[in-house]
Amino acid sequence: QLVQSGAEFKKAGESLKISCEGSGYSFTSYWIIWVRQMPGKGLEWVGMIYPGDSDIRYSPSFQGQVTISADNSISTAYLQWSSLKASDTAMYSCVRLSSGRFDPWGQGTLVTVSS
Amino acid sequence: QSVLTQPPSASGTPGQRVTISCSGSSSNIGRNTVHWYQQFPGTAPKLLISGNNQRPSGVPDRFSGSKSGTSASLAISGLQSEDEADYHCATWDDSLKGPVFGGGTKLTVL
Chain A
13 QLVQSGAEFK KAGESLKISC EGSGYSFTSY WIIWVRQMPG KGLEWVGMIY PGDSDIRYSP
73 SFQGQVTISA DNSISTAYLQ WSSLKASDTA MYSCVRLSSG RFDPWGQGTL VTVSS
Chain B
2 QSVLTQPPSA SGTPGQRVTI SCSGSSSNIG RNTVHWYQQF PGTAPKLLIS GNNQRPSGVP
62 DRFSGSKSGT SASLAISGLQ SEDEADYHCA TWDDSLKGPV FGGGTKLTVL
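Residue numbers (the working numbering), protein chains in the order written: chain A, 13 to 127; chain B, 2 to 111.
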């Protein structure tokens, strides 16, 4: 399963790092994908990481806006911002890429940024 | 603007059959399998259909999926009130080299 860190309430300009801990499987053997869901909207691919060799790919829409990383010693992937904007307010979820499908999902981390 | 196109809403009465469409292109649905997810407010998406038409263990056989060319569909037969949720389609995009999703369809059971 994937367990994410709790909700965050931040101000514009602040930095933030949220986490996604994997358990019950070989963390280094599967891609972890980050997905954004803005209020009332659909799902958007943010980026992904293969912990086994730290291969990281970003959606063109999010390149340069966020940083993805992982710490294999604690089976945890991260999504971070150096300077949040109000438009970053959304639910962010991690999900495992497994045999071509996206499953399981973390429970989501709600990020609220006030201006 | 989502890469995959879904109708924003769908509705039906209990017992009816409802279908939700998902339209893509040759770089995504045309080359890869489609997955469907069910999402209730405030919760994470749950895998409903994988590989175009495979139901994970525990998913009722009222749910079925199909794919033809660059489009896919989710069908729900014998509609029940607990089916009221958002439904998302997803697949891999070979050009983007990443996953793509539909905008989601809100299903209302009248």
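No residue lacks a Cβ here, since even glycine has one placed at the ideal position from N, Cα and C. All values derive from a computational prediction rather than experimental measurement.
Within chain A, the residues R113, F114, D115, P116 and W117 have their CB atoms less than 9 Å from the CB of B/L48, given in chain order.
For B/I21 and B/S12, the gap between their C-alpha atoms comes out near 10 Å.
In terms of Cβ geometry, A/S41 and A/G59 do not form a close pair [threshold 8 Å]. DSSP, reduced to helix, strand and coil, places B/D94 within a strand of the structure shown. At least 8 Å separates the CB of B/V60 from every CB of chain A. Around the beta-carbon of A/A19, fewer than 16 other beta-carbon atoms lie within 10 Å, marking it exposed. Of the other Cβ atoms in all chains shown, 16 or more fall within 10 Å of the Cβ of A/D100; this residue is therefore buried. Three or more Cβ pairs drawn from the segment 37-54 of chain B and the segment 103-120 of chain A lie within less than 8 Å of each other, which places the two stretches in contact. Judged by their CB atoms, B/N53 and B/S65 are not nearer to each other than the 8 Å cut-off. Excluding five sequence positions before and after B/G31, the CB atoms of its chain that fall closer than 6 Å to its own CB belong to T71, given in chain order. Within a 10 Å sphere around the beta-carbon of A/E26 sit fewer than 16 other beta-carbons, which makes this residue exposed. Put simply, the CB of B/S12 is far from chain A, with every gap to its CB atoms at 8 Å or more. The Cβ atoms of A/P51 and A/A89 lie no closer than 8 Å to each other. Look at B/F64: its C-beta is not under 8 Å from any C-beta on chain A. For B/T34, the nearest CB of chain A lies under 8 Å from its own CB, placing it at the interface with that chain. The criterion of a C-beta distance shorter than 8 Å is not satisfied by A/I30 and A/L96. Between the alpha carbons of B/S28 and B/T6 lies a distance of about 14 Å.
As computed with DSSP, A/V107 is found in a beta bridge with A/I45 and A/W117. Excluding its 5 nearest sequence neighbours in each direction, A/R48 has C-beta neighbours in its own chain below 7 Å: E56, V58, A102 and Y104, listed in chain order. Interface annotation for the segment 96-107 of chain B against chain A: L97, K98, G99, P100, V101, F102, G103, G104 and G105, criterion Cβ-Cβ distance under 9 Å. For the pair B/S3 and B/G103, the CB atoms are nearer than the 8 Å cut-off. Close to B/G52, with beta-carbon spacing below 9 Å, are these residues of chain A in chain order: S111, G112 and R113. The C-beta distance from B/D87 to B/G105 rounds to 5 Å, short enough to fall under 8 Å.
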